[in-house]
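> I'd like to ask some things about the structure below.
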Amino acid sequence: MNKKILFILGTRPEAIKVAPVILAIKKSANYDVKVCTTGQHREILKQVLDFFDIVPDIVLESMEINQTLAQLSSKLFKEVGLIFETYRPDLVIVHGDTTSAMVGAMVGFYNRIKVGHIEAGLRTFNKFSPFPEEINRQVISRVTDYHFAPTINAATVLKQEGVDDINIIVTGNTVIDALFIGVEKVQSETFNNKQIKYLESTLDFSKKIVLVTGHRRENFGGGFVNICEALLEVSELENIQIVYPVHPNPNVQDPVNKYLSNNDNIVLCDPLDYPAFIWLMKKANIILTDSGGIQEEAPSLKVPVLVLRDTTERPEAIATGHIKLVGTDKIKIVKEVKHLLNNDEYYSSFSKSENPYGDGKSSEIILSYIEKNL
Ligand code: UD1
Ligand code: UDP
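Number 907 marks the last residue of the sequence shown (the numbering used here); no jumps.
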């Protein structure tokens, strides 16, 4: 009988990074694969699954506007727990550090089922940054059986925490697998996308494009106000167009709409679907973001990233010079943007090295590890 594998995922980045693994494992005839979406995200998750032609087998509804972490977790523990009563997988796979991933791993553990963790071993060792993700991923590591570490550095961290070498495999980051699939589709002649058409007709590509995203809880409040003030100053620079697809979280929407709407040099839009976002990243001159995934993707597209955070669990991209931490300090953000715009040598120093997050083969490595070990 085929072994049963259950994927549990809830948010946009999990869907992007897990999609290539789901597709790879589904291709193998050896597994019965089920995908459970927790409903932590709704519209921005669906966009991704549609793009990768993945239809979830179990769909939970947990999203509520502005719910607390405790409300979300308690709902998910109950609902995900029920799934394990009817469907007993041999392996549950989660990704990263979200609430959905933490709950999926814990419920797997409660049921004594093997847990596989993609993107294992990322750390800042600062429990409030990113909040609550740093603790989510540490908790997940404690109950994981198969640790799919994206880099040697992440594997080393896990070993230092006492994880047995034999249970760790360095895979590269599956985000690059997804990016390669995405870029190929977007470049194909038959590809048709409404949001790309909208961007083509709205944006002025004779200007330098500064692409912005942000959603981290530790930046809510003062941090977002500082970021908005910095963007207002950047918008006054010559020949600049800021494009900001705004995360649906009301803690992001409110300050961004309050400070940045009605500005000729700032285009605010809804979150873009994944192909449109890739398309726009490729066109961007600079990216300002607090996103984790974008820190890993942008190096492949050779776009400098200024990270709107004080910490990062992506030290590899700092070491290769692809990204730079600027936090939420208005003066620092504006200074760094100007430096990038005015100094070609500095600009090109961001894309001198290869992307440290892999070559798009991570899903195959994960599949072959599972084939050998499950
Ligand atoms: C979550 C993850 C974070 C990940 C991010 C990716 C946790 C604790 N955080 O943060 O690690 O980087 O997703 O985006 O798991 N909303 C909608 N529609 C959607 C999605 C969200 O309206 O499709 C709004 C809702 O008001 C929701 C709020 O955004 O309550 C926050 O969503 P939530 O999943 O709690 O946190 P994120 O900030 O998205
Ligand atoms: N992304 C997207 N549309 C957007 C913004 C981001 O498809 O409008 C993609 C981006 O390419 C990356 C992922 O979403 O792969 C990052 O998600 P997010 O920033 O929400 O989460 P994080 O990576 O910080 O966990």
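Where is the CB? At the ideal position from N, CA and C, for every residue including glycine.
Since we're looking at a predicted model, the values are computed, not measured.
Can you find at least 3 beta carbon pairs, one from the stretch 878-897 and one from the stretch 788-795, that sit closer than 8 Å?
Touching, no.
> Ignore the nearest five residues each way along the sequence and tell me which others in L602's own chain have a CB closer than 8 Å to its CB.
T632, P665
> Using a threshold of 7 Å, is the CB atom of G825 nearer than that to any non-hydrogen atom of ligand 1?
yes
> Report yes if the CB atom of A809 is closer than 8 Å to the CB atom of I729, and no otherwise.
yes
> Skipping 5 residues on each side, what residues in its chain have a beta carbon closer than 7 Å to that of F713?
G893
> Any contact of the stretch 691-709 with the stretch 871-885, i.e. 3+ C-beta pairs under 8 Å?
no
> Could you tell me if E751 is buried or exposed, where buried requires 16 or more neighbouring beta carbons within 10 angstroms of its beta carbon?
Under this definition E751 is a buried residue.
> On the criterion of 16 or more Cβ atoms from any shown chain inside 10 Å, does N888 qualify as buried, or is it exposed?
It counts as buried.
> Which term fits Q774, buried or exposed, when burial requires 16 or more other beta carbons within 10 angstroms of its beta carbon?
buried
> Who are the near neighbours of E762 in its chain, counting only those whose CB is closer than 8 Å to its CB and skipping five residues on each side?
Y792, K863
> Answer with buried or exposed for S721, where buried requires no fewer than 16 other C-beta atoms within 10 angstroms of its C-beta.
exposed
> Can you give me the Cβ contacts of P546 inside the same chain, cut-off strictly under 6 Å, excluding the 5 residues immediately before and after it?
Answer for P546: G826, listed in chain order.
> In the DSSP assignment, find the unbroken beta strand (DSSP E) run with V840 in it and report its ends.
838-840
> Is R545 close to ligand 1? I mean its beta-carbon at under 7 Å from any heavy atom of the ligand.
yes
> S824 and T707 - do their beta-carbons sit closer together than 8 Å?
No. Outside cutoff.
> Would you mind listing the beta strand (DSSP E) stretches within the stretch 777-805 that are 3+ residues and don't spill past its ends, in chain order?
799-802
> Suppose the cutoff is 6 Å on Cβ atoms and the five residues either side in sequence are ignored; what does the same chain contact list for P848 look like?
none
> Kindly indicate which residue of Q786, T735, E846, Q693 has the alpha-carbon position closest to the one of V758.
For the residues Q786, T735, E846, Q693, the minimum Cα distance to V758 belongs to Q786.
> Return the chain-ordered list of same chain residues with a C-beta closer than 8 Å to the C-beta of N644, the five sequence neighbours on each side being excluded.
F617, R621
> In terms of residue numbering, what span does the alpha helix (DSSP H) encompassing H872 cover?
863-875
> Check whether the Cβ atoms of I584 and Y807 lie closer than 8 Å to each other.
Here the sequence assigns Phe to residue 584, which means Ile is not the residue at that position. Their beta carbons are under 8 Å apart, which means F584 touches Y807 by this criterion.
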